[in-house]
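Below: the structure, in structure tokens.
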Amino acid sequence: MNDSLVIIPTFNERENIEAIVRKVMSLPHPFELLIVDDSSPDGTADIVLQLQQEFPGRLHLESRKGKLGLGTAYIHGFKYAIRQGYRFIFEMDADFSHNPDDLIKLYHACAVDGYDMAIGSRYVQGVNVVNWPMSRVLMSWFASLYVRLITGMPIADTTAGFVCYRRKVLKTIQLNKIRFVGYAFQIEMKFLTFKYGFKIKEVPIIFTDRTKGQSKMSKGIFKEAVLGVIRMKVNSFFRHFDRY
Ligand SMILES: Nc1nc2c(ncn2[C@@H]2O[C@H](COP(=O)(O)OP(=O)(O)OP(=O)(O)O)[C@@H](O)[C@H]2O)c(=O)[nH]1
Ligand SMILES: [Mg+2]
Numbered sequence: 000m001n002d003s004l005v006i007i008p009t010f011n012e013r014e015n016i017e018a019i020v021r022k023v024m025s026l027p028h029p030f031e032l033l034i035v036d037d038s039s040p041d042g043t044a045d046i047v048l049q050l051q052q053e054f055p056g057r058l059h060l061e062s063r064k065g066k067l068g069l070g071t072a073y074i075h076g077f078k079y080a081i082r083q084g085y086r087f088i089f090e091m092d093a094d095f096s097h098n099p100d101d102l103i104k105l106y107h108a109c110a111v112d113g114y115d116m117a118i119g120s121r122y123v124q125g126v127n128v129v130n131w132p133m134s135r136v137l138m139s140w141f142a143s144l145y146v147r148l149i150t151g152m153p154i155a156d157t158t159a160g161f162v163c164y165r166r167k168v169l170k171t172i173q174l175n176k177i178r179f180v181g182y183a184f185q186i187e188m189k190f191l192t193f194k195y196g197f198k199i200k201e202v203p204i205i206f207t208d209r210t211k212g213q214s215k216m217s218k219g220i221f222k223e224a225v226l227g228v229i230r231m232k233v234n235s236f237f238r239h240f241d242r243y
């Protein structure tokens, strides 16, 4: 078994899944991959099952019984990673918005430079987003600013979904207490990592809009986040963040 597990949640990613699996498998570091698929009606999981024969022991699949949200898919994956003993655990999208080559940079930040969390960040050096309409860039940037102001965490890209965690971070954060199920889950993970005093590094990356498959963004995501971030901050006043 290798020390690193990359978790990719999927819902209807038939057009991307084979290419992303092959790309990760071809990287110079022998990453293992866990696909957490929510019974995609387009048959994403069947493609993974086929590919498993080509990459025995390196490509893992967890299938859940319906679309249960990005956050819970990751928590499912994190628990799997802790059980299996991986030391470095990554989050990445299936749609090539995150360049798999950058996994090496995130790994380096944690495994060599000693950080506990490495964030593939769009906003740490200017704005590095390609092919998003200006409205979406602005929305994302202002969302990050809003979160930074409310939470006080010194992170430029608070909603980033391209992350490497050192095992002890995921073991310390009480995963069962994570409130958010959608994209705001990304904010909560960073907030908890920050509150527990772990060392966080933002690594500049270039984020590119998906070219294949469909977006799962919806307005409900914002509703969850806008008030949820305030609630999260208030709740933190009543919680102890001691590490044992
Ligand atoms: N398992 C699971 N995966 C999901 C769910 N929602 C989204 N995903 C996956 O999470 C990743 C990010 O979702 P995207 O739809 O790309 O979201 P986004 O990047 O904000 O939006 P676009 O890039 O515009 O599509 C992708 O790999 C999706 O397939 C879900 O409910 N369950
Ligand atoms: Mg995407």
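Each residue of the sequence shown is one higher than the last, beginning at 0 in numbering that gives the first Met the number 0. We put the CB at the ideal spot given by N, CA and C, even for glycine.
message: Once the 5 residues before and after D101 are set aside, which same chain residues still bring their CB inside 8 Å of it?
response: G119, F161, V202, I204
- request: Measure the alpha-carbon distance for D36 versus D156 and round it to whole angstroms.
  value: 26 Å
query: Rounded to the nearest angstrom, how far is the Cβ of L245 from that of F184, given a contact under 8 Å?
result: Given that the chain is displayed from residue 0 to residue 243, the structure contains no residue 245 and the question cannot be resolved.
Nearest-angstrom Cα separation, counted from I74 out to E61: 12 Å
Cβ separation of P99 and L26, assumed to be a contact under 8 Å, to the nearest whole Å: 7 Å
query: Tell me, which residues are paired with V202 by DSSP?
result: G119
- prompt: Hey, would you say Y114 sits closer than 8 Å to L4, going by beta carbons?
  reply: no
- request: Hey, could you find the ends of the alpha helix (DSSP H) I39 is sitting in?
  value: Correcting the residue identity first, residue 39 is Ser in this sequence and not Ile. S39 -> no alpha helix (DSSP H), and no H or E assigned at all.
query: According to the Cβ coordinates, are C95 and N15 closer than 8 Å?
result: A small correction: the amino acid at residue 95 is Phe; Cys does not occupy that position in the sequence shown. For the pair F95 and N15, the CB atoms are nearer than the 8 Å cut-off.
message: So, with DSSP's three-state summary, where would you put R242?
response: coil
message: Measuring straight from C-alpha to C-alpha, what distance separates K66 and F10?
response: 7 Å
query: Quick one: what's R165 bridged to in DSSP?
result: F87
message: Quick check for students: name the residue ranges of the beta strand (DSSP E) that lie wholly in the stretch 25–109, counting only runs of 3 or more.
response: Runs found: 31–36, 58–62, 87–90.
task: Would you give the residue range spanned by the alpha helix (DSSP H) that V126 belongs to?
output: Segment: none, V126 is in no alpha helix (DSSP H) and carries neither H nor E.
field: Assigned exposure category for E53 - 16 Cβ within 10 Å defines buried
entry: exposed
task: Say yes only if the C-beta of G151 is nearer than 7 Å to one or more non-hydrogen atoms of ligand 1, and no if none qualify.
output: no
- prompt: Straight-line CA distance for D208 to N130?
  reply: 5 Å
task: Would you tell me roughly how many angstroms separate the C-alpha atoms of K176 and K198, rounded to the nearest one?
output: When only Cα atoms are considered, K176 and K198 end up about 22 Å apart.
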